[in-house]
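Chain order of the listed sequences is D and B.
Counting with the numbering used here, you get residues 638 to 781 for the letters of the first sequence.
Counting with the numbering used here, you get residues 2 to 386 for the letters of the second sequence.
Heads up: the structure comes next, in structure tokens.
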Amino acid sequence: MYTDLVMDHFTNPRNVGEIEDADGVGQIGNPVCGDVMRISIAVDDKDRIADVKFKTFGCGAAVATSSMVTEMVMGKSLEEAADISNKAVAEALGGLPPNKMHCSNLAADALHLAIQDYLVKNGREADVEQFLKALPKEREHSSH
Amino acid sequence: MKTVYFDHAATTPVDRRVLDAMLPYFSEQYGNPSELHRLGREARAAVEAARAQVAAVLGAGEKEIVFTAGGTESDNLALFGGLARSQPGHLIVSAIEHPAVMEAARALNRQGWAVDFIPVDGDGIVDVDAYEQAFRDDTRLASVMFANNVVGSVQPVAALARIAHEKGALFHTDAVQAVGSLPVDVGELGVDLLSLSGHKLYGPKGIGALYVKRGTRLQPILHGGGHERRLRSGTENVPGIVGLGVAMTTAAAQLPEVRPRLERLRDKLAAGVAERIPEVTSLGHPTQRLPGNVAFSVRYVEGESMLLRLDAHGFMVSSGSACASGSLEPSHVVLALGLRAEDAHGSMRISLGRENTEEEVDAFLEAFPPIVDKLRQMSPLYVKG
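What follows is the structure, encoded as structure tokens:
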């Protein structure tokens, strides 16, 4: 049911952990639903993601998308990183089973929240809107 | 890498003796049991011999056994067939039934039947008082499983059947997990209807049976040529029926040896997990449970992740997490025990079978703690205590 690339990222996840004194942290999901993802970023003075790490509670797809998104954005500018969607992460993994697209594919949202956190902390609210055209909302199904 | 199969509640390998008994009935003894010629008569004889085997193990009469395509069909025949004669009334099922009963009850509910789902206690045993109080004047049938497929808890079936009869209702039990693993005698239990499945007891998939107590009025749910005393039309699955007969006989013969051995391995495995991994909750009743069932919940870790990592080490297990169940909800059984949803997502089921060894249990106890540790290190919910 999972592609080899998903299994590879699940079995050998990249960039696991938490950055100490991170510049931005984003968390999304709800343990009741079975998925929680936390992404922390370090941003350099050129607005580039110098480091990124994740911690995830969830299924194989949740871990693999988290791992993949960290690999995709490492060294990227905030603006580039903000453009990466959940769908793009799933595509980079060669696709996910249909039932995983909705519930476990939130890694880009966690990343966007981390970028937002960084921008707000640095008094750059104006950039939030420019970079993050579609900010992740609290998940619809996190209420059940 | 060695495969260690710990998922016998899902299905079992076909026993060699079962397979050998079945093989001639595919291409040599392929007659239709309804036909009068020699091949037909021989197939009929094989079907009836298997019926006698199944009946003998259950302490039933041969005419009380109806062959079906499996547990799901048996459960549906029991509920829909048992209720078809009456106007919609009231039906009682437990909160931890297999989907084959649960969804059949919901379908009856949509047809106008009132349904009560009886809660279980923290050990997964049906609340007998709540059960008794749920009966109404128009309660026609109660269905409570013999042993739960997820957490292994064994229900007080004889007492529940007695209560149903006092209230004038039929009693059905889904004994799919119990038959072959525990002694099941329909006379002692006093049930009217009992479902069983071949592939849970080292028989083939696609065959099962429903015990229908003599005098129980049942309507067919499949209409056709009137096979199986009109209760189940369709040409008999002769190889499957032959396999089921041998599987039943073999399981019954081995039960006195296999049951205590599995109980010992089960208890060793459960104790080993509890000893080696902090913050694990065991699920189900400590003693009133299936001989091969170990169920527990691991905090801060999601079940599918554990399952996939164990799979990578050669261990085949099952999980009650939402992901593993293919829905957004974790197992309704684990939730019925009172676990929080986040802990239900971390539930695991190991179901041992007769070919499992102590070495395999030891290997699991070696492999599992580092897997949990790794996943907890990755979990944002985990705060090392």
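A virtual CB, placed ideally from N, CA and C, is assigned to each residue, including glycine.
Keep in mind the model is a prediction, meaning the values are calculated, not measured.
Shown here, B/Asp186 sits in coil according to DSSP, grouped into three states, outside any helix or strand. Sorting B/Ala115, B/Asp124, B/Val335 by C-alpha distance to the C-alpha of B/Gly90 places B/Ala115 at the top.
Among the residues facing chain B, D/Pro668 is included, as its CB has a counterpart in that chain under 8 Å away.
Rounded to the nearest angstrom, the Cβ distance from B/Val48 to B/Pro25 is 14 Å, too far for a contact under 8 Å. In this structure, B/Ser75 keeps its C-beta atom at 8 Å or more from the C-beta atom of B/Val102.
Per DSSP, D/Ala679 is one residue of the beta strand (DSSP E) stretching across 672-680. Taken through DSSP and simplified to helix, strand or coil, D/Asn759 comes out as coil.
The count of Cβ pairs closer than 8 Å, one atom from the segment 176-184 of chain B and one from the segment 252-261 of chain B, reaches three, so the stretches are in contact.
Rounded to whole angstroms, the separation of the alpha carbons of B/Glu264 and B/Val318 is 18 Å.
Three or more Cβ pairs drawn from the segment 186-201 of chain B and the segment 56-75 of chain B lie within less than 8 Å of each other, which places the two stretches in contact. Counting only unbroken stretches of 3 or more residues, the beta strand (DSSP E) elements lying wholly within the segment 59-88 of chain B are 66-69, in sequence order. Taking 8 Å as the cut-off, the Cβ atoms of B/His99 and B/Val158 do not count as close. Judged by beta-carbon spacing, B/Leu223 lies within the 8 Å limit of B/Arg233, meaning their Cβ atoms are closer than that value. In this chain, the beta strand (DSSP E) harbouring D/Phe694 covers 686-694.
Here D/Gln664 carries a strand assignment [DSSP, helix/strand/coil]. Nearest to B/Asn238 by alpha-carbon distance, out of B/Gly169, B/Gly207, B/Ala248, is B/Gly207.
One thing to note: B/Ile119 has its Cβ within 8 Å of the Cβ of B/Ser95. Listed along chain D, the residues sitting closer than 8 Å to B/Ser322 by beta-carbon distance are Gly671, Cys696. Straight through space, the alpha carbons of B/Thr288 and B/Val151 are spaced by roughly 15 Å.
With fewer than 16 neighbouring CB atoms inside 10 Å of its own CB, B/Ala272 falls in the exposed class.
For D/Val680, no Cβ of chain B is located within less than 8 Å of the residue's own Cβ. In its chain, beyond the 5 residues on either side, Arg52, Val55, Ala56, Ala210, Tyr212 have a beta carbon closer than 7 Å to the beta carbon of B/Ile66.
Neighbours of D/Gln664 in chain B, taken as residues at a C-beta separation under 7 Å, are given in chain order as Pro381. About 18 Å separates the CB atoms of D/Thr648 and D/Gly732; that is not less than 8 Å, and the two are not in contact. Using a Cβ-Cβ distance cut-off of 8 Å, the segment 676-683 of chain D and the segment 720-729 of chain D are not in contact, since fewer than three pairs of beta carbons, one from each stretch, lie closer than that value.
Here the alpha carbon of B/Leu161 sits roughly 10 Å from the alpha carbon of B/His173. Only those residues of the segment 338-352 of chain B whose C-beta falls short of 7 Å from the nearest C-beta of chain D are listed: Ala342, Glu343, His346. Under the 8 Å criterion on CB atoms, B/Ser234 is classed as non-interfacial with respect to chain D. For D/Ser704, the enclosing alpha helix (DSSP H) stretches over residues 697-710. In chain order, Met638, Tyr639, Ala698 place their CB closer than 8 Å to the CB of D/Pro734, counting only its own chain and leaving out the 5 sequence neighbours on each side. The C-beta of B/His38 has fewer than 16 other C-beta atoms within 10 Å across all chains shown, which makes the residue exposed. For D/Lys692, the nearest beta carbon of chain B is closer than 8 Å to its own beta carbon.
Under the DSSP assignment, D/Met644 falls in the alpha helix (DSSP H) whose first and last residues are 641-648.
Comparing alpha carbon positions, the residue from B/Leu40, B/Val19, B/His228 closest to B/Ser28 is B/Leu40. In this structure, B/Phe297 lies near B/Met349, with their beta-carbon atoms less than 8 Å apart. Apart from the 5 residues on each side of it in sequence, B/Ala11 sits with its Cβ closer than 8 Å to the Cβ of Ser319, Ser352 in its chain, given in chain order.
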